[in-house]
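Heads up: the protein sequence lines correspond to chains A and B, in order. Counting from 302, one number per residue, gives the positions in the first sequence under this note's numbering. Counting from 3, one number per residue, gives the positions in the second sequence under this note's numbering. Structure record follows, encoded as structure tokens.
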Amino acid sequence: MSVSTQELKTKIIELFELDDVTPDEIGDDQPLFGPALGLDSIDALELVVLLERDYGIVIKDIEAGRPAFQSVRTLAAFIEAKRPA
Amino acid sequence: MRFPVITGVGIVTAAGCGVDEVWDSIARGASGLKPLSLFQSPRYGQVLAGEIKEDLDALGAPRRGSRSDRLGWLAARDAIRSARIDFKNGGDRAGVVLGSSVGGSFDCERFLEKLIKSGKMRARPARFHECVSVVDLIANDFGLYGPSMALAVACSSGALAIGTAAEMIQSGEADVMLAGGADSLSRMTWGGFHSLLLVDGEGCKPFDAGRCGMTLGEGAAMLVIEAEETARARGAQILARLSGWGASCDAYHVTAPHPEGAGAVAAMQSALRRAQLEASEIQYVNAHGTGTRDNDLAESKALKNVFGAIVPAFSSTKRFFGHSLAASGAIEAVVCIEALRRQQLPPNPGFASVDPAIGIEPVKSLQSAELTHVMSNSFGFGGNNAVLIFSNAETTARTRAPERGPICVTSVGVVGPGVPNVREIEAPLPAGKVEVFDCGELPRERRRSRLAQMALTSARRSHTPIAGERLSVSIGTGMGFLGAAGNFIENYISKDEREPMPSQFSTSVHNAAASQVAMDLQARGLNSAPTAGEISFECALWQAITQLATGEADRALAGAADELNKYLLSIGQRWGMWTEKTRPGEGAVVVNLAREGEIRVTALRLGRYRRPFDVAREAAWIASSVDLKSVDLVLSGAGGAPQLDAYYESVAAALSLEHRAYKQTCGEFHSASAFGFAAAVDLVKNGARGVLLYTLALRGAKAICCVQR
Chain A
302 MSVSTQELKT
312 KIIELFELDD
322 VTPDEIGDDQ
332 PLFGPALGLD
342 SIDALELVVL
352 LERDYGIVIK
362 DIEAGRPAFQ
372 SVRTLAAFIE
382 AKRPA
Chain B
3 MRFPVITGVG
13 IVTAAGCGVD
23 EVWDSIARGA
33 SGLKPLSLFQ
43 SPRYGQVLAG
53 EIKEDLDALG
63 APRRGSRSDR
73 LGWLAARDAI
83 RSARIDFKNG
93 GDRAGVVLGS
103 SVGGSFDCER
113 FLEKLIKSGK
123 MRARPARFHE
133 CVSVVDLIAN
143 DFGLYGPSMA
153 LAVACSSGAL
163 AIGTAAEMIQ
173 SGEADVMLAG
183 GADSLSRMTW
193 GGFHSLLLVD
203 GEGCKPFDAG
213 RCGMTLGEGA
223 AMLVIEAEET
233 ARARGAQILA
243 RLSGWGASCD
253 AYHVTAPHPE
263 GAGAVAAMQS
273 ALRRAQLEAS
283 EIQYVNAHGT
293 GTRDNDLAES
303 KALKNVFGAI
313 VPAFSSTKRF
323 FGHSLAASGA
333 IEAVVCIEAL
343 RRQQLPPNPG
353 FASVDPAIGI
363 EPVKSLQSAE
373 LTHVMSNSFG
383 FGGNNAVLIF
393 SNAETTARTR
403 APERGPICVT
413 SVGVVGPGVP
423 NVREIEAPLP
433 AGKVEVFDCG
443 ELPRERRRSR
453 LAQMALTSAR
463 RSHTPIAGER
473 LSVSIGTGMG
483 FLGAAGNFIE
493 NYISKDEREP
503 MPSQFSTSVH
513 NAAASQVAMD
523 LQARGLNSAP
533 TAGEISFECA
543 LWQAITQLAT
553 GEADRALAGA
563 ADELNKYLLS
573 IGQRWGMWTE
583 KTRPGEGAVV
593 VNLAREGEIR
603 VTALRLGRYR
613 RPFDVAREAA
623 WIASSVDLKS
633 VDLVLSGAGG
643 APQLDAYYES
653 VAAALSLEHR
663 AYKQTCGEFH
673 SASAFGFAAA
683 VDLVKNGARG
693 VLLYTLALRG
703 AKAICCVQR
């Protein structure tokens with residue numbers, strides 16, 4: 302089963318307490334970290350916890366997650382590739 | 003001119019208890035890291051930690067207090083013994099300032115675990131939850147009645163406590179100070195640092211190319227710091243001189259250091275200025291060197307910036323002890339003093355190969371060296387940095403003296419006082435309702451806890467940043483971020499170590515409020531979070547005034563903040579802390595201080611009262627510091643803990659002063675005296691000549707200060 306970017310956007314909004322953002326406002330290729338959404342390294346760590354909780358993917362080094370955390374699209378692809386069968 | 007010197011040391015670590023044992027481990031290159039056994043951690047069970055395996059009872063620790071308290075007590079006992087000093091007769095001139103960040107967390111976690119897993123409520127460990135608990139235990143047991151406080155500024159706490167104690171000696175506040183730090187391992191910091199992916203399970207490798215994280219440790223270290231004149235007068239052996247200290251804030255990020263180490267540079271330069279030394283005179287630096295990618299890289303840049311092409315010998319000794327958080331600065335201070343005494347450079351275990359990005363190599367094995375001046379770095383969450391410089395006992399002191407002058411209030415920012423409300427206590431704590439004074443809805447900012455939001459809002463109300471102005475921030479708190487810490491640990495225990503909450507952990511340190519204010523206002527001077535029960539605000543005021551007096555800041559913010567949360571309400575209600583006359587409250591006050599203005603702050607003094615409470619003695623203490631003829635009334639913390647009310651009444655009567663209270667409007671909470679201060683400023687603005695603010699803490703601390711026109 303593939304992960305929809307829509308599902309990830311909803312989770313990201315909830316996880317990051319982005320109260321004034323709707324899923325439609327986040328582009329699939331929009332950078333997650335940086336000025337647009339105002340997310341930072343602590344949010345990246347929250348994302349690590351979410352990946353383990355919801356998809357069973359354990360990340361031990363934040364550098365390993367960095368390429369996947371670029372955008373919702375890269376994140377969905379990462380989950381597809383790493384998700385336990 | 004009073005110069006601080008070191009006359010005693012005590013140390014308890016995973017690499018040995020006592021200076022000789024510790025140095026023996028250092029000389030042998032023997033790390034104290036072992037797999038954790040203090041508590042169960044199925045998920046990270048094989049990870050190494052700097053755990054003290056000795057039975058604390060067997061070492062002679064009292065059977066009271068939290069694990070942190072008991073570690074601190076052991077180090078204090080050894081430091082006092084080694085200084086051959088007895089406080090029984092001169093305790094009024096002797097104080098305690100300790101770094102404490104974990105506090106009684108380890109013990110409270112056991113209580114929460116019982117509650118969550120078996121529904122049993124045994125709240126006794128919560129008595130020792132506060133970071134100041136170790137200070138009160140030591141001060142009361144060893145008879146130190148001078149100024150006392152804990153500084154909870156994460157990993158720079160121990161070093162900042164030593165610098166603050168030195169300031170108390172220099173300013174004449176005390177002749178002797180016990181200063182250092184104590185922190186135990188805890189599930190909170192264990193789960194927390196793992197959630198930040200900052201732990202190297204095999205043990206830290208500071209400055210190594212392959213470094214990938216820190217190792218947690220626990221321990222305590224204490225210094226006896228004395229004024230040189232009184233130390234010489236009693237024939238004490240002087241171990242070393244504390245010739246400089248400096249503090250700064252990155253004002254950059256809640257956990258990550260500034261990538262170029264800008265704050266670290268500022269703190270090192272401040273310490274050099276205070277010591278009146280050139281960078282080239284430093285022969286060894288005990289680095290913060292946690293072993294994380296970011297810290298070691300930023301610190302190496304800072305070292306190269308301060309020292310130029312020739313960086314002195316440096317090493318991180320973290321792999322011997324683990325990173326003992328608030329204790330680490332004090333432990334490393336003892337290492338520096340011993341390095342001076344033995345004329346040896348301690349090595350940096352864990353280092354194998356140079357990281358090209360760092361480009362400099364630490365001391366690899368124990369070496370003899372001629373050492374006169376050495377530096378110790380400590381950097382903490384919130385970008386809080388503290389640096390100490392120790393010099394040989396034989397050197398001539400050059401330490402710059404502070405210039406005392408008038409200190410004035412230019413504005414006051416307030417959140418609160420709250421309005422009557424009822425708060426419901428949520429599970430797993432026993433359900434219940436508590437009548438409170440509640441500050442209500444606050445502006446909501448993402449990832450900002452209630453306490454940080456209150457502190458930030460009051461800081462913004464009191465201050466508009468001015469470009470180029472050097473600003474220091476000291477915000478006291480009694481209970482700190484108990485809400486965030488409780489949430490983190492409740493979630494961590496109930497989910498068996500799954501789903502830790504990195505954002506809750508990173509903002510659970512007491513200094514999260516002060517450091518978020520610093521980030522917002524770009525305040526790069528001292529950044530501190532004193533905690534001392536009911537006198538937490540006055541301790542912040544003391545630090546702010548000292549920053550102005552020593553010329554380290556052009557403007558200083560002193561404040562205090564506490565929030566209501568379910569843990570506090572539940573335990574407080576269980577213990578009957580609130581009567582019909584008193585309600586728990588919350589709020590924040592930030593006072594903006596400068597050297598010029600119309601309303602002056604005078605006669606600030608910190609100390610401890612004796613038991614049984616001696617009214618005549620307390621009245622005499624106040625009368626010796628305050629010009630009572632210029633004071634119209636005393637504003638006290640009455641209306642809080644009922645047992646203190648009679649003390650306030652009697653002392654005011656003994657001084658023949660009108661007595662008023664303020665807690666009936668803001669409620670009872672640890673830092674409520676900040677509201678008293680705000681009320682005093684209002685009274686003076688409206689015509690009073692002078693108001694004496696008088697605060698007693700349940701556990702023995704006391705403070706006075708005057709607000710005058």
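By construction, the Cβ of each residue, glycine as well, lies at the ideal position given by its N, Cα and C atoms.
Check, Outcome
"Coil, strand or helix - Asp138(B) by DSSP", "helix"
"Buried versus exposed call for Ser380(B) [16 or more other C-beta atoms within 10 Å across all chains shown]", "buried"
"Helix, strand or coil at Thr311(A) according to DSSP, with G and I counted as helix", "helix"
"For Leu431(B), three-class secondary structure by DSSP", "coil"
"Option nearest Pro314(B) by Cα separation, candidates Tyr286(B), Asp298(B), Gly324(B) and Tyr569(B)", "Tyr286(B)"
"Proximity test, Gly470(B) beta-carbon vs the ligand GTP heavy atom, cut-off 7 Å", "Ligands in the displayed structure: none, and consequently the ligand GTP is not present."
"Cβ pair count under 8 Å reaching 3, the segment 101-113 of chain B against the segment 656-670 of chain B", "no"
"Inter-residue spacing [alpha-carbon to alpha-carbon] between Trp623(B) and Pro259(B)", "44 Å"
"Neighbour flag for Glu492(B) against chain A, beta carbons, 8 Å", "no"
"DSSP-derived helix/strand/coil call for Ala699(B)", "coil"
"Arg354(A) at chain D interface by Cβ criterion, 8 Å", "Given the protein chain composition of this structure (A and B), no chain D is represented."
"Any C-beta of chain B under 8 Å from that of Phe343(A)", "Here residue 343(A) turns out to be Ile, not Phe, going by the sequence shown. Closer than 8 Å: yes."
"Per-residue DSSP class, three states only, for Ala337(A)", "coil"
"Beta-carbon neighbours of Val256(B), restricted to chain A and to distances below 8 Å", "Ile343"
"Alpha helix (DSSP H) runs wholly inside the segment 53-86 of chain B, at least 4 long, in chain order", "58-61 and 69-84"
"Within chain A, the residues that Glu501(B) reaches when beta carbons sit closer than 8 Å", "Val350, Glu353 and Arg354"
"Euclidean distance between Cα positions of Cys707(B) and Glu620(B)", "14 Å"
"Cβ-based burial, Glu2(B) [other Cβ within 10 Å; buried from 16]", "Lying before the first or after the last residue shown, residue 2(B) is absent from chain B, which here runs from 3 to 711."
"Those residues which DSSP pairs with Gln346(B) across a bridge", "Ser370(B)"
"Beta-carbon proximity list for Val390(A), same chain, < 6 Å, skipping 5 on both sides", "In the structure as shown, chain A begins at 302 and stops at 386. Residue 390(A) is therefore absent and cannot be evaluated."
"Test: Ile363(A) CB closer than 8 Å to a CB of chain B", "yes"
"Which of helix, strand or coil DSSP assigns to His325(B)", "strand"
"Nearest candidate by alpha-carbon position, reference His375(B), set Ala399(B), Phe383(B), Asn387(B) and Gly384(B)", "Ala399(B)"
"Residues in the segment 494-524 of chain B having any Cβ partner in chain A nearer than 8 Å", "Arg500, Glu501, Pro502, Met503, Pro504, Ser505 and Ser508"
"Cβ-based neighbour list, Ser305(A), same chain, cut-off 8 Å, excluding 5 preceding and 5 following", "Ala377"
"C-beta atoms of Leu100(B) and Gly74(B) nearer than 8 Å", "yes"
"Minimum Cβ-Cβ distance from Ser84(B) to chain A less than 8 Å", "no"
"Pairwise C-alpha distance: Leu550(B) and Leu523(B)", "18 Å"
"First and last residue of the uninterrupted alpha helix (DSSP H) at Thr667(B)", "Lys665 to Cys668"
"Which of helix, strand or coil DSSP assigns to Gly415(B)", "strand"
"Continuous alpha helix (DSSP H) stretch holding Pro358(B): start and end", "Premise fails: Pro358(B) is in no alpha helix (DSSP H) and is neither H nor E."
"Residues within the segment 569-600 of chain B neighbouring chain A, beta-carbon criterion of under 7 Å", "none"
"Nearest residue (CA-CA) to Leu117(B), options Lys497(B), Leu431(B) and Gly442(B)", "Leu431(B)"
"Residue environment, Ala648(B), which counts as buried when at least 16 other CB atoms sit within 10 Å", "exposed"
"Host beta strand (DSSP E) of Thr15(B) (start-end)", "Pro6 to Thr15"
"Proximity test, Cβ basis, 8 Å: Arg213(B) and chain A", "no"
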